[in-house]
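What follows is one structure encoded as structure tokens, with my remarks underneath.
Numbering (UniProt numbering), first residue to last: 1 to 58.
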């Protein structure tokens, strides 16, 4: 149950929501319709991510 709770907790979006695009490889079947895929960032610890020495942590 603990593992399931961790997975579900990590899937909640950040607030405010943040999106970024991932380029789809040229040889991928999804590429015929789209060149990028939007992804929503998961929630993270706001005390992290202010510098390269302090990367974002979930």
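C-beta atoms are modelled at their ideal positions from N, C-alpha and C, and glycine is treated no differently. Just so you know, these numbers come straight off a predicted model, no measurement behind them.
Opposing strand residues paired with residue i [DSSP bridges]
{"i": "residue 38", "result": "21"}
Cβ-Cβ separation, residue j to residue i (assumed contact under 8 Å), whole Å
{"i": "residue 20", "j": "residue 39", "result": "6 Å"}
{"i": "residue 22", "j": "residue 31", "result": "Not a contact, Cβ separation roughly 12 Å."}
{"i": "residue 49", "j": "residue 56", "result": "4 Å"}
Within 9 Å, strictly: CB atoms of residue i and residue j
{"i": "residue 47", "j": "residue 15", "result": "no"}
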